[in-house]
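A quick write-up on the structure given underneath.
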Amino acid sequence: MSTPKSASATRARLQRRRALLRTLKLWIPRLRFLLFAIGVGWLFVLPSNEYNKHTYISENALLPGQVNTYYSWPQVHEASVYRDNIESISTSSIERTAYIENELRKVGIKTETQNFTVNALGKDIIILITDGGEAGVQAWLEAYHDNPRSDIMSSPLFLRSGAIQAAVNLDLPGTKDYQVLGIFYEGVNGQLPNLDLINTIVRIVRISGRIPIMLHDTGHVYWANDHGDYYSSLYNLMLTMKYQALGHSTGSHGLFFRYKIDAVTLYGHRMEASHQPFMFLEIGTAVESTFRSLNNLLEHFHQSFFFYLLPSPEKYISIGSYLPPSILLAHSQSSKEPKIEQKFPTPSPFNRRPRRILFSLTVLITTHATGIMIFFMIKNYFLLNKLASLLFIQDYFLVLALIIFILIKVSFVLVSIMESRAPTKNQIAHRIEKTNDTNSQDRPQQLEPAADWIILKCFTLAFTGMIISCLSVLNFSLAVFTALIVIIPFSLFQPHESKAIRYFQLFVLCLISPPGLLLLSGVDVGNFLKSTLMEYQLLGNYIVPFVCCLYWPNVLAYTVIVQAPIK
Numbered sequence: 001m002s003t004p005k006s007a008s009a010t011r012a013r014l015q016r017r018r019a020l021l022r023t024l025k026l027w028i029p030r031l032r033f034l035l036f037a038i039g040v041g042w043l044f045v046l047p048s049n050e051y052n053k054h055t056y057i058s059e060n061a062l063l064p065g066q067v068n069t070y071y072s073w074p075q076v077h078e079a080s081v082y083r084d085n086i087e088s089i090s091t092s093s094i095e096r097t098a099y100i101e102n103e104l105r106k107v108g109i110k111t112e113t114q115n116f117t118v119n120a121l122g123k124d125i126i127i128l129i130t131d132g133g134e135a136g137v138q139a140w141l142e143a144y145h146d147n148p149r150s151d152i153m154s155s156p157l158f159l160r161s162g163a164i165q166a167a168v169n170l171d172l173p174g175t176k177d178y179q180v181l182g183i184f185y186e187g188v189n190g191q192l193p194n195l196d197l198i199n200t201i202v203r204i205v206r207i208s209g210r211i212p213i214m215l216h217d218t219g220h221v222y223w224a225n226d227h228g229d230y231y232s233s234l235y236n237l238m239l240t241m242k243y244q245a246l247g248h249s250t251g252s253h254g255l256f257f258r259y260k261i262d263a264v265t266l267y268g269h270r271m272e273a274s275h276q277p278f279m280f281l282e283i284g285t286a287v288e289s290t291f292r293s294l295n296n297l298l299e300h301f302h303q304s305f306f307f308y309l310l311p312s313p314e315k316y317i318s319i320g321s322y323l324p325p326s327i328l329l330a331h332s333q334s335s336k337e338p339k340i341e342q343k344f345p346t347p348s349p350f351n352r353r354p355r356r357i358l359f360s361l362t363v364l365i366t367t368h369a370t371g372i373m374i375f376f377m378i379k380n381y382f383l384l385n386k387l388a389s390l391l392f393i394q395d396y397f398l399v400l401a402l403i404i405f406i407l408i409k410v411s412f413v414l415v416s417i418m419e420s421r422a423p424t425k426n427q428i429a430h431r432i433e434k435t436n437d438t439n440s441q442d443r444p445q446q447l448e449p450a451a452d453w454i455i456l457k458c459f460t461l462a463f464t465g466m467i468i469s470c471l472s473v474l475n476f477s478l479a480v481f482t483a484l485i486v487i488i489p490f491s492l493f494q495p496h497e498s499k500a501i502r503y504f505q506l507f508v509l510c511l512i513s514p515p516g517l518l519l520l521s522g523v524d525v526g527n528f529l530k531s532t533l534m535e536y537q538l539l540g541n542y543i544v545p546f547v548c549c550l551y552w553p554n555v556l557a558y559t560v561i562v563q564a565p566i567k
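First residue of the sequence shown: 1, per full-length UniProt numbering; consecutive thereafter.
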C-alpha cells in the first residue's frame with residue numbers, strides 16, 4: 001500500500017515528465033528548420049579550401065614518379081605511324097581489328113578477337129580495344145570473369161591473366177595534340193575508385209609530363225599546387241554529385257567497379273586557351289609510369305578512401321566530413337511530428353487518443369505496390385513501344401498515359417476511402433458530449449482518434465528520413481538531392497480548408513514527381529528513358545528502381561494526404 005509521501009513523489013515525477021514532453025513537442029517541430037538550414041549551409045562549406053584536406057599517397061609501395069621510364073621519341077614515331085595507318089583504313093571495324101591484331105602479334109603480344117552483339121601482354125597488362133563503347137567493355141568483362149549479368153550475347157574468351165588490379169581508360173579523340181588532360185572517375189551508381197589511384201596519376205602527370213589537369217570537362221585547368229577558387233571547387237562538387245545521383249558512369253572505366261577493379265578515364269581536351277600542347281610522348285610516359293607504379297602493388301588498393309569528394313585534383317573531402325549534412329537533412333524529416341490537438345472543457349491529467357495505424361500502413365503499402373507496378377511497366381518500355389507503334393502512338397506517350405491513369409485511379413480510391421472513414425461534425429459533437437458526461441476530472445478522457453492523414457504523414461516522414469539516411473552511405477549525392485527536393489514540401493504540406501492551397505500543394509507535388517522533374521530539366525523524355533533503361537539492363541544502374549519503388553510512392557502518399565479530409 002503506497003504512502004502519501006510516495007504518491008506525492010510519483011505525482012511530481014509524472015508532472016516533470018509531462019512538462020518535458022510538452023517542451024519537446026513545442027521545440028522539436030521548430031528544430032527541423034534549424035537542422036535543415038545547418039545541413040544546407042554545411043554543403044556550401046565543403047568546397048572551402050580551409051575545410052577540405054590535401055591528397056596524399058596511402059600505399060607506400062606505389063612510388064609514383066620514382067621509376068625509370070623508357071618511352072621516348074622512337075616509340076612516339078611508331079605510335080604516329082600506327083595512328084596514320086588506322087586513319088587510312090576503311091571505316092569497317094573488321095578491317096581495323098585485323099590490322100591492330102596483326103601489329104600486336106608482330107611485337108610478340110598474344111591477341112584474341114571477341115565478337116559480341118548489342119546494338120590482350122606483358123606481365124599483368126591487358127590491352128583492351130573495343131567497338132561499341134560501354135557495351136563492348138561490358139561484354140569483355142562478363143566473358144573474362146565468366147559471369148554474364150546482362151542481356152549481351154558474346155563469344156567466350158580463352159586468354160586470361162588472373163585478377164585485375166586496376167584499369168586506365170584512354171579516351172583520346174581525334175589525331176591532333178591536346179592542351180589539357182581530363183580525369184573522369186565516377187562509376188555506375190556513384191561508385192568511386194580508390195583515391196590512391198587518382199593521386200598516383202595526378203602525381204605522375206605533374207612530375208613526368210607536366211601536363212595541366214582538369215576534373216571532368218569543367219573548363220578550369222589545374223597546374224601544380226593549384227587548388228582553384230571556391231566557385232571552381234563548388235562547380236566540381238556539383239558536377240560530381242550530378243553524375244553520382246543519376247548513377248551514370250562518366251566513362252567505360254565505371255564498368256570495372258562491380259568487379260572490384262579500380263579504374264579511371266583519361267580524356268584529352270583541346271581548348272582555345274593558349275596552353276602548351278602535349279603529344280604522344282607525354283601521354284605514353286605518363287601511362288608507362290602509372291603501370292610501373294601499379295606493378296609495385298602485391299594486392300588490390302585498400303589503404304586509401306573509397307568514399308570521398310574531390311573539389312580539386314589535389315584536395316579531397318572524406319566521408320566523415322561530408323556525411324553529417326545528409327544526416328542532418330534526413331533527421332529534419334523524422335523530427336517533424338504533426339500536431340494532434342483537441343480541446344476539452346474538462347481538463348484531465350491523463351488523456352488517451354487512439355491512433356489507427358493499420359489503415360495508414362495499408363495506404364503506404366498500396367502506394368509502394370503501385371510504384372512496383374510502374375517499375376515493371378517502365379522495365380518493359382521497349383515492348384510497350386512496339387505496341388504503341390502498332391497503335392500509331394509516339395513511343396513514350398503510351399507508357400506515360402498508362403502511368404498517369406494508374407496514379408489517378410489509386411489516389412482517387414485511397415482518398416475516397418479516407419473520406420468515408422472520417423467522422424461527421426454531428427458524430428464528433430455527440431462523442432464529445434458523451435465523453436464529458438461519462439468522464440470526471442480524475443478519470444482519463446477518451447479523445448477522438450487521430451485523423452488518418454496525420455498518422456500517414458508521420459509514417460511517410462519517418463520512412464523518407466530512413467531512406468535518406470541509408471542512401472547517404474551508399475550514394476551521398478542521390479541522398480542530398482532527394483532531401484533537398486522533398487524536405488520542404490513534405491514538412492509543410494497537409495490538408496487545408498482552402499481549395500486554392502490544396503491545388504497549389506498538388507501542383508508542387510506534381511512538379512517534384514519524376515515526370516515533373518523530367519519536364520523541368522528539359523531533357524528529351526524518350527531518349528532519357530531509353531538510355532536509363534539500357535544502363536539498368538546492361539550495367540545495373542539502380543536509379544530506375546529507386547525512383548519507382550521508393551521515391552515516387554512517397555510522393556503519391558503525399559498526394560493522398562493533401563486531398564484527405566482534415567478531421
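Note that beta-carbon positions come from the ideal geometry of N, C-alpha and C, so glycine has one too.
- Contact between the stretch 58-78 and the stretch 297-305 is established, with three or more Cβ pairs separated by less than 8 angstroms.
- Beta-carbon to beta-carbon, Ala286 and Val188 are separated by about 26 angstroms, too far to satisfy the 8 angstroms threshold.
- Taking the Cα positions, Leu492 is about 13 angstroms away from Leu506.
- Partner residues in the beta bridge of Ala166, as assigned by DSSP, are Asp262.
- Collapsing the DSSP output to three states places Gly182 in a strand.
- Following the DSSP letters along the chain, one finds Ile317 inside the beta strand (DSSP E) bounded by residues Lys315 to Ser318.
- Only exposed fits Pro324, as fewer than 16 other CB atoms lie within 10 angstroms of its CB.
- The Cβ-Cβ distance between Thr250 and Tyr235 does not fall below 7 angstroms.
- Taking a C-beta distance under 7 angstroms as the contact criterion, Tyr71 and Gly284 qualify as a contact pair.
- As the crow flies, the alpha-carbon of Thr200 is around 45 angstroms from that of His368.
- For Glu282 and Val544, the gap between their C-alpha atoms comes out near 41 angstroms.
- CA-CA distance, Cys548 to Leu246, rounds to 14 angstroms.
- Secondary structure of Ile94 (DSSP, three-state): helix.
- In the structure shown, Ile213 adopts extended strand secondary structure according to DSSP, grouped into three states.
- Beta-bridge partners of His269 (DSSP): Val180.
- Between Leu104 and Thr113, the C-beta spacing is not below 7 angstroms.
- According to the DSSP assignment, Pro311 belongs to the beta strand (DSSP E) that extends over Tyr308 to Ser312.
- Put simply, the stretch 448-462 touches the stretch 553-562. At least three CB pairs are less than 8 angstroms apart.
- When the Cα atoms are used, Asp524 and Leu471 turn out to be separated by approximately 27 angstroms.
- In the displayed model, Lys53 falls within a strand according to three-state DSSP.
- Annotation: the continuous alpha helix (DSSP H) that includes His368 extends over Ile357 to Lys379.
- The residue from Ile57, Ala462, Ile566 and Pro553 with its alpha-carbon nearest to that of Gln303 is Ile57.
- When the five nearest sequence neighbours on each side are left out, the beta carbons in the same chain lying within less than 7 angstroms of the beta carbon of Tyr536 are those of Val544, in order along the chain.
- Sixteen is the threshold: when 16 or more other Cβ atoms of the shown chains lie within 10 Å of the Cβ of Gln563, as they do, the residue is buried.
- The continuous alpha helix (DSSP H) containing Ala479 extends over residues Phe476 to Leu492.
- Taking every protein chain shown into account, the CB of Ile152 has 16 or more other CB atoms within 10 angstroms, so this residue is buried.
- A residue is called buried when at least 16 other Cβ atoms come within 10 angstroms of its Cβ; Lys315 meets this threshold and is buried.
- Leaving aside the five residues that flank Asp262 on each side, the residues in its chain whose CB is nearer than 6 angstroms to its CB run, in chain order, Ala166, Pro193, Asn194, Leu197 and Phe301.
- Assignment of Asp84 by DSSP, reduced to helix, strand and coil, places it in the helix class.
- Under the three-state reduction of DSSP, Met153 is assigned to strand.
- In this structure, Leu215 and Leu310 form a Cβ contact; the two beta carbons are roughly 6 angstroms apart against a cut-off of 8 angstroms.
- In the DSSP annotation of this structure, the continuous segment of the alpha helix (DSSP H) that includes Tyr144 starts and ends at Glu134 to Tyr144.
- Ser208 places its beta carbon less than 7 angstroms from that of Ser289.
- Taking 8 angstroms as the upper bound for CB-CB distance, Ile487 and Ser332 are in contact here, some 6 angstroms apart.
- Non-local beta-carbon contacts of Asn115 in its own chain, meaning distances under 8 angstroms to residues more than five positions away in sequence, involve Ser154 and Ser155 in chain order.
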